[in-house]
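A.B. asks: Position one of the sequence shown corresponds to residue 7 (my numbering), numbered consecutively onward.
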Amino acid sequence: MDRWIGKTAVVTGASSGIGAAIVIDLVKAGVNVVGLARRKERIDALRDNLPASATGTLYAIKCDLTQESDIKNAFNWVEANLGGTDILINNAGIIKTMNLLDPENTDNLRETIDTNVLGVVLCSREAFHSMQKRNFDGHIIHINSCAGHKIPYFVGLYPSFNIYPSTKYAVTALTEVMRQELQNFGTKVKVTSISPGAVRTEIFKPEIMEIIKNIPFLDPEDVSQAVMYALATKPHVQVHELIIKPIGEQA
Numbered sequence: 007m008d009r010w011i012g013k014t015a016v017v018t019g020a021s022s023g024i025g026a027a028i029v030i031d032l033v034k035a036g037v038n039v040v041g042l043a044r045r046k047e048r049i050d051a052l053r054d055n056l057p058a059s060a061t062g063t064l065y066a067i068k069c070d071l072t073q074e075s076d077i078k079n080a081f082n083w084v085e086a087n088l089g090g091t092d093i094l095i096n097n098a099g100i101i102k103t104m105n106l107l108d109p110e111n112t113d114n115l116r117e118t119i120d121t122n123v124l125g126v127v128l129c130s131r132e133a134f135h136s137m138q139k140r141n142f143d144g145h146i147i148h149i150n151s152c153a154g155h156k157i158p159y160f161v162g163l164y165p166s167f168n169i170y171p172s173t174k175y176a177v178t179a180l181t182e183v184m185r186q187e188l189q190n191f192g193t194k195v196k197v198t199s200i201s202p203g204a205v206r207t208e209i210f211k212p213e214i215m216e217i218i219k220n221i222p223f224l225d226p227e228d229v230s231q232a233v234m235y236a237l238a239t240k241p242h243v244q245v246h247e248l249i250i251k252p253i254g255e256q257a
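This is the structure in structure tokens:
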């Protein structure tokens with residue numbers, strides 16, 4: 007991780023769960039982190055509770071990933087104040103548990119696609135152009151999901167995953183498209199997809215957690231460790247896809 011000391015990472019969905027765990031590990035490793043979230047105050051609280059040994063700095067920016075203007079403003083701020091984006095962690099994601107075929111589902115569909123797919127592409131675009139103009143070999147990491155490779159069968163146990171798995175399959179595909187485009191551009195910018203199984207985070211509402219409380223879970227810190235591993239690889243090594251599951255997961 008030494009090559010990243012003093013560099014700048016942007017982490018989306020940084021206010022809780024996996025995003026917060028990644029922020030903490032990066033700042034502890036000496037990386038300056040810009041956390042993006044709609045709940046900026048929670049990133050501020052996270053900053054106030056960082057360990058004294060952390061050598062990086064945490065900045066908080068309020069950002070709604072369904073709004074392109076918010077994304078552009080955030081990355082413009084990073085460039086103006088910190089010189090540009092060296093690492094991007096596309097972590098933000100949502101699940102809506104209405105049925106895919108419910109008649110009142112349209113707003114849920116749009117919000118999920120805008121957050122889980124378009125937000126990933128737009129943030130990656132802004133980060134890449136920041137890296138490209140500085141000729142910097144950065145790293146883009148998508149927090150994907152095992153549901154982006156195989157749809158869990160929870161009939162009778164869990165409400166419908168709605169369009170969530172479709173958006174994660176999209177992340178699997180766009181990771182490969184990005185890898186090819188980055189190669190075609192002649193850069194050494196890396197792109198990595200990290201696909202965890204079930205993770206104990208706020209993405210599951212309390213009533214849903216009550217239903218699935220007996221299945222095995224990963225902790226957010228487990229996913230963050232996978233991020234740190236991918237970042238720590240040598241410049242010629244690209245971790246394209248990393249799947250991690252809790253022991254005993256059946257899906």
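Glycine included, each C-beta is placed from N, C-alpha and C at the ideal position.
Contact defined as beta carbons within less than 8 Å: I believe Ile-200 pairs with Ile-147. What is the distance between those atoms, to the nearest angstrom?
C.D. replies: Right, their Cβ atoms sit about 6 Å apart.
A.B. asks: Identify the continuous beta strand (DSSP E) that holds Gly-41 and give its terminal residues.
C.D. replies: From DSSP, the beta strand (DSSP E) with Gly-41 extends over 38–43.
A.B. asks: Can you give me the start and stop residues for the beta strand (DSSP E) that Ser-201 sits inside?
C.D. replies: Looking at the DSSP string, the run of the beta strand (DSSP E) that includes Ser-201 is 196–202.
A.B. asks: Does the contact criterion of 3 or more C-beta pairs under 8 Å hold for the region 159–170 versus the region 182–191?
C.D. replies: With the cut-off at 8 Å, the region 159–170 and the region 182–191 do not touch.
A.B. asks: Grouping DSSP H, G and I as helix and E and B as strand, with all else coil, what is Val-245?
C.D. replies: Of the three classes helix, strand and coil, the one that applies to Val-245 here is coil, per DSSP.
A.B. asks: CB-CB under 7 Å to Asp-76, same chain, minus the five flanking residues each way: which ones, in chain order?
C.D. replies: Here the set comprises Cys-69, Asp-70.
A.B. asks: Return the CA-CA distance between Gly-144 and Asn-97, expressed in angstroms with no decimal places.
C.D. replies: Their Cα atoms are separated by approximately 17 Å.
A.B. asks: Which runs of the beta strand (DSSP E) fall wholly inside the region 14–94 and span at least 3 residues, in chain order?
C.D. replies: Counting only runs of 3 or more, we get 14–18, 38–43, 64–68.
A.B. asks: Please list, in chain order, all residues of the same chain as Val-229 whose beta carbon is under 8 Å from its beta carbon, the five residues on each side excluded.
C.D. replies: For Val-229, where only same-chain residues beyond five positions count, the Cβ hits under 8 Å are Ile-24, Ala-27, Ile-28, Ile-149, Ile-200, Pro-202, Val-205, Ile-250.
A.B. asks: Can you tell me whether DSSP reads Asn-97 as helix, strand or coil?
C.D. replies: Asn-97 falls in the coil class under three-state DSSP.
A.B. asks: Would the C-beta of Asp-54 count as close to the ligand MG, meaning under 7 Å from any of its heavy atoms?
C.D. replies: The model depicted lacks the ligand MG and carries no ligand whatsoever.
A.B. asks: Using only CA atoms, which one of Ser-22, Ile-101, Ala-133 lies nearest to Asp-120?
C.D. replies: The residue with the shortest Cα to Cα distance from Asp-120 is Ile-101.
A.B. asks: Drop a sphere of 10 angstroms on the beta-carbon of Lys-219, count the other beta-carbons inside from all chains shown, and report buried for 16 or more, exposed for fewer.
C.D. replies: Exposed, because fewer than 16 other Cβ atoms sit within 10 Å of the Cβ of Lys-219.
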